[in-house]
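**Student:**
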Amino acid sequence: MPLAAFTVEWFLEQLRDPWVLFGFGAQFLFFARFAVQWLVSERRGKVHVPVAFWYLSLAGGLLTFVYATRRQDIVFMVSQALGIAIYLRNLWLIYRHRTRLRTRASRGLGGVRPPADPPPAARATRVPVGSVAERSSAR
2 MPLAAFTVEW FLEQLRDPWV LFGFGAQFLF FARFAVQWLV SERRGKVHVP VAFWYLSLAG
62 GLLTFVYATR RQDIVFMVSQ ALGIAIYLRN LWLIYRHRTR LRTRASRGLG GVRPPADPPP
122 AARATRVPVG SVAERSSAR
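Letter 26 of the sequence shown, counting from 1, is numbered 27 in the working numbering, and no numbers are missing.
This is the structure we're talking about:
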């Protein structure tokens, strides 16, 4: 189909197909993972991949796989299947790590996660022990 055939009318006609809407929904869910990761990283002030990223990846990947299967697109199906395997593996690694931390903590072996870095504003207001400000106020 030549590029000129992609008109507004054609696009609107495609949107009448429920499977096209399903595919757009799957892609939106898949894209949402990047928005979540970006927002969490901005909030923490450093790059961070939250667990929600992997759940959104899995959900979006599964729905996109269903859509690709419906369209009988082998390239799309294989790429989504490989991605789904990776998302499941990452979720398993996260689960296993958290289980080990809980087990160690319940046995009194430490294993409790250190506190997260404070926000930049809190770091700026900390006064180191033995600082000039502390020595001045002690007099």
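Beta carbons are placed, not taken as given, at the ideal position from N, Cα and C, and that holds for glycine.
Between residue 27 and residue 10, what straight-line distance do the alpha-carbon atoms span, to the nearest angstrom?
**Tutor:** Translated into positions along the sequence shown, residue 27 becomes position 26. Translated into positions along the sequence shown, residue 10 becomes position 9. In a straight line, the C-alpha of residue 27 is about 23 Å away from that of residue 10.
**Student:** Quick one: complete alpha helix (DSSP H) runs, 4+ long, within the stretch 9-34?
**Tutor:** 9-15
**Student:** Could you compute how far the alpha carbon of residue 86 sits from the alpha carbon of residue 67?
**Tutor:** If you number the sequence shown from 1, residue 86 lands on position 85. If you number the sequence shown from 1, residue 67 lands on position 66. Computed Cα separation, rounded: 15 Å.
**Student:** Thinking C-beta only, is residue 65 closer than 8 Å to residue 31?
**Tutor:** Locating residue 31 in the sequence shown gives position 30, where the first residue counts as 1. Locating residue 65 in the sequence shown gives position 64, where the first residue counts as 1. Closer than 8 Å, so yes.
**Student:** Can you name, in chain order, every residue of its own chain whose Cβ lies under 6 Å from the Cβ of residue 59, other than the five neighbours on each side?
**Tutor:** Translated into positions along the sequence shown, residue 59 becomes position 58. Around residue 59: 88.
**Student:** Which value, in whole angstroms, describes the spacing of the CA atoms of residue 107 and residue 14?
**Tutor:** Here residue 107 refers to the residue found at position 106 of the sequence shown. Here residue 14 refers to the residue found at position 13 of the sequence shown. Roughly 59 Å between the two C-alpha positions.
**Student:** Quick one: what's got a C-beta closer than 7 Å to residue 49's C-beta in the same chain, skipping five residues either side?
**Tutor:** For the purposes of this step, residue 49 is taken as residue 48 along the sequence shown, with counting starting at 1. So the list reads 41, 42, once near-sequence residues are dropped.
**Student:** Measure the alpha-carbon distance for residue 44 versus residue 34 and round it to whole angstroms.
**Tutor:** Residue numbering aside, residue 44 sits at position 43 when the sequence shown is read from its first letter. Residue numbering aside, residue 34 sits at position 33 when the sequence shown is read from its first letter. Computed Cα separation, rounded: 15 Å.
**Student:** Skipping 5 residues on each side, what residues in its chain have a beta carbon closer than 6 Å to that of residue 8?
**Tutor:** For this step, residue 8 is matched to residue 7 along the sequence shown. Excluding residues within five positions, none has a Cβ falling inside 6 Å.
**Student:** Beta carbon of residue 37, beta carbon of residue 63: below 8 Å?
**Tutor:** Position 36 of the sequence shown, counted from the start, is the residue given in the question as residue 37. Position 62 of the sequence shown, counted from the start, is the residue given in the question as residue 63. The answer is no: Cβ separation not under 8 Å.
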